[in-house]
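Here the UniProt record's numbering is used: the sequence shown runs in plain steps of one and ends on residue 334.
Built from N, CA and C at the ideal position, the CB exists for glycine as well.
Just below is one structure, and these are the notes that go with it.
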Amino acid sequence: MSPTILAIESSCDETSAAVIRNGKILNNIIATQSVHQRYGGVVPELASRAHQKHIVPVVDQALKEAGIDKHQLDAVAFTQGPGLLGALLVGSSFAKAMAWGLGVPLIAVNHMQAHILAHFIEDPKPVFPFLCLTVSGGHTQIVLVESPMHMQVIGETQDDAVGEAFDKAAKMLELPYPGGPFIDKLAQKGNPEAFRFPLSEMPGLNYSFSGIKTAILYFLRDQTKTDPTFVENNINDICASIQHTLIHMLLQKLKKAAKQTGIKQIAIAGGVAANSGLRQALENQRTELGWEVYIPKFEYCTDNAAMIAMTAHFKYLEKDFSSMDVAPMPRMKF
Ligand code: KG4
Ligand code: ZN
């Protein structure tokens, strides 16, 4: 079987389409929505409207660049969830209409599973079983991956996601949205030991990032009381210290999970996997703990349709198709 599948991603603020043929990604078209920047966060209603505007040209471009006529498609896939309901509705309605019109199967994909299966787009590919630290603006999970279709969350945040902690800290520092990449950039010029923030004490393999957010807020309030230019003069050190603390928290539980399961195949996925400090910290574990570390290309870390297409390929092989009444699931679990 060598299926050709069109996949659509519309769970948050990127409208994306990709074509996969015989398990090989042919392209990955992404239209990023800049409309949210001035609001300092994603505005759901604006996201839905932007998806509606972008979806036809993005799909057209994906098919055209791949040199595929729509009648050559064997299936149409889309992100079912988790994500913003209005945003998911645009992608799911479009995919259903297209699959119905072409008379081909429809494949509903879990966005978090897809972030993990992005590792199978390019070599080197992780060997099963592996652990995946999935870190994005909406999620922070440690997943035990036994096969493309069998994965289990063994630890996760009980409140904020780590990407949210990056973005909220950046907002307090008056950096643009999304702030994660800005903190990363400034942190590279700062001292990670300059300031200390309390680490959360969560049981087991779970995380909590709401405490550090409050700690940063109080820290900045106290420092600027005595020195109004504190942030301006120490921005690199503040960013480096915040990033260092967040990475330390991520690594602490990941190391615990690796020890508990005896697994040394470690992968990272999601937007925060683009963070240079986190990538370096994981690389260091190759020599320190003998881990095999898998870090996807930046393009496949943040939201994209190539990962939806890769997941759809695996589902196609299992004939795991959806009926036309399948609904988007904003809080979809594995
Ligand atoms: O996976 P993603 O593109 O979208 C969600 O599904 O959430 O992740 C977006 C998140 C944002 O919080 C953004 O600030 C963060 O990933 N991010 C980073 C970096 N690049 C993106 N955080 C830290 N350092 C980065 N270099
Ligand atoms: Zn995502």
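query = Relative to the alpha-carbon of residue 195, which residue among 161, 244 and 202 has its alpha-carbon at the smallest distance?
reply = 244
request  = May I have a chain-ordered list of the alpha helix (DSSP H) segments no shorter than 4 residues that lie completely inside the region 255-306?
outcome  = 276-289 and 298-301
Contact check, residue 58 vs residue 16, beta carbons under 8 Å = yes
ask   = CB-CB under 6 Å to residue 130, same chain, minus the five flanking residues each way: which ones, in chain order?
value = 145, 265 and 267
task = Using only the heavy atoms of the ligand ZN, determine whether one of them is closer than 7 Å to the beta carbon of residue 354.
result = As displayed, the chain neither begins before 1 nor continues past 334, which places residue 354 out of reach and without an answer.
ask   = Buried or exposed: where does residue 289 fall if 16 or more other Cβ atoms within 10 Å of its Cβ makes it buried?
value = exposed
query = Taking Cβ to Cβ, would you say residue 163 is nearer than 8 Å to residue 82?
reply = no
ask   = By Cβ distance below 6 Å, which residues in the same chain neighbour residue 335 in space, the five residues on each side in sequence not counted?
value = An answer regarding residue 335 cannot be provided, because it is not within the stretch 1 to 334 covered by the chain.
request  = Report buried or exposed for residue 286, applying the criterion of at least 16 other Cβ atoms within 10 angstroms of its Cβ.
outcome  = exposed
key: Cβ-based burial, residue 152 [other Cβ within 10 Å; buried from 16]   = exposed
ask   = What's the C-alpha gap between residue 170 and residue 189?
value = 16 Å
query = Taking residue 2 as the reference, which of 95, 140 and 72 has the closest Cα?
reply = 72
task = Mind checking who residue 110 pairs with in its DSSP beta bridge?
result = 81
ask   = Which same chain residues, not among the five before or five after residue 157, have their C-beta less than 8 Å away from its C-beta?
value = 139, 140, 141, 206, 207, 208 and 209
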